[in-house]
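S.K.: Numbering (the working numbering), first residue to last: 75 to 304.
Just so it is clear, CB atoms sit at the ideal spot from N, CA and C, and this is done for glycine as well.
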């Protein structure tokens with residue numbers, strides 16, 4: 075329809091592939107750049123969203139840098155906290171004002187993946203919001219989920235894991251794996267995970283959009299696989 079759908083983070087690994095595959099679904103995808111719509115500029119964000127009143131907002135925007143985020147642990151003025159937590163808080167406020175349905179794209183990093191609690195995890199597993207069992211990036215995303223839940227039936231959370239299938243991005247798991255092989259890095263055989271094929275995630279997101287289903291969803295390939303097998 076002509077009702078707009080706003081994509082935040084449309085230039086990223088998953089967001090850009092969503093946009094590439096989604097033009098057949100919607101005639102009016104809003105894909106502002108970061109310069110055009112900074113989620114940390116709360117007044118501009120609310121003004122823009124109220125102006126367009128998007129039917130759905132999908133937030134792909136995130137900072138993932140695990141190593142750097144650990145150096146910023148407990149620093150709530152850091153870029154990762156501001157983007158991953160303060161930014162989503164601003165989006166939630168804007169959604170309340172515009173009655174838009176919010177889909178927050180999250181991560182399996184909200185779970186510990188420890189030897190004692192290795193997973194896989196069903197959707198009703200509570201994430202580690204104490205910040206002890208998980209890395210700081212995962213903690214910021216867990217808190218972002220709590221912010222999203224404040225919208226109640228007006229929101230959905232979609233958790234993905236190690237996305238792959240966008241070969242234009244250096245962040246794609248296939249590209250990163252090739253770089254590791256070329257660099258002679260060791261690849262683990264005993265670390266199991268459930269990667270997400272991005273095109274599958276896009277299809278899942280469109281199903282959620284079509285039925286406006288408010289819930290938590292895990293979108294990943296079926297069955298565990300090691301990085302070596304992958």
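1) How many Å lie between residue 176 and residue 146 at the Cα?
2) Looking at residue 165 and residue 133, is the spacing between their C-beta atoms short of 8 angstroms?
3) For residue 166, which beta-bridge partners are listed by DSSP?
4) Sort out for me which residues DSSP pairs residue 103 with in a bridge.
5) Report all residues from its chain with a CB closer than 6 angstroms to the CB of residue 234; omit the five preceding and five following residues, and keep chain order.
6) Cβ of residue 123 within 8 angstroms of Cβ of residue 174?
7) Less than 8 angstroms between the beta carbons of residue 127 and residue 172, yes or no?
8) Are there three or more Cβ pairs, one per stretch, closer than 8 angstroms when the region 217-235 is compared with the region 272-291?
9) Does DSSP classify residue 176 as helix, strand or coil?
10) What residue does the beta strand (DSSP E) around residue 292 start on, and which one ends it?
11) So residue 219 packs on residue 180, CB below 8 angstroms; how close in whole Å?
12) Are the beta-carbon atoms of residue 238 and residue 247 separated by less than 8 angstroms?
13) Assuming residue 120 and residue 168 make a contact with CB atoms under 8 angstroms, what is their CB distance in whole Å?
14) State yes or no: is the C-beta of residue 280 within less than 8 angstroms of the C-beta of residue 97?
M.R.: Looking at the atomic coordinates:
1) By one-based count along the chain shown, residue 176 stands at place 102. By one-based count along the chain shown, residue 146 stands at place 72. Looking at the two C-alpha atoms, the distance is approximately 28 angstroms.
2) Working through the chain shown from its first residue, we reach residue 133 at position 59. Working through the chain shown from its first residue, we reach residue 165 at position 91. Contact flag set, yes.
3) If you number the chain shown from 1, residue 166 lands on position 92. According to DSSP, residue 166 bridges with nothing at all.
4) For this step, residue 103 is matched to residue 29 along the chain shown. For residue 103, which the question treats as bridged, DSSP gives the partners 79.
5) For this step, residue 234 is matched to residue 160 along the chain shown. Around residue 234: 270, 275 and 293.
6) Translated into the one-based positions of the chain shown, residue 123 becomes position 49. Translated into the one-based positions of the chain shown, residue 174 becomes position 100. Going by C-beta atoms, residue 123 is nearer than 8 angstroms to residue 174.
7) One-based indexing of the chain shown puts residue 127 at position 53. One-based indexing of the chain shown puts residue 172 at position 98. The answer is yes: Cβ separation under 8 angstroms.
8) yes
9) What you label residue 176 is simply residue 102 of the chain shown in a count that begins at 1. If DSSP states are grouped into helix, strand and coil, residue 176 belongs with the strands.
10) Indexing the chain shown from 1 puts residue 292 at position 218. Run containing residue 292: 290-292, per the beta strand (DSSP E) assignment.
11) In the chain shown, counting from the first residue as 1, residue 219 sits at position 145. In the chain shown, counting from the first residue as 1, residue 180 sits at position 106. With a Cβ gap of about 6 angstroms, residue 219 and residue 180 count as contacting.
12) Within the chain shown, residue 238 is the residue found at index 164, counting from 1. Within the chain shown, residue 247 is the residue found at index 173, counting from 1. Contact flag set, yes.
13) Start at 1 with the first residue of the chain shown, and residue 120 comes out as number 46. Start at 1 with the first residue of the chain shown, and residue 168 comes out as number 94. So it is a contact: roughly 5 angstroms between Cβ atoms.
14) Taking the first residue of the chain shown as position 1, residue 280 is located at position 206. Taking the first residue of the chain shown as position 1, residue 97 is located at position 23. Cβ distance not < 8 angstroms, so residue 280 and residue 97 don't count as in contact.
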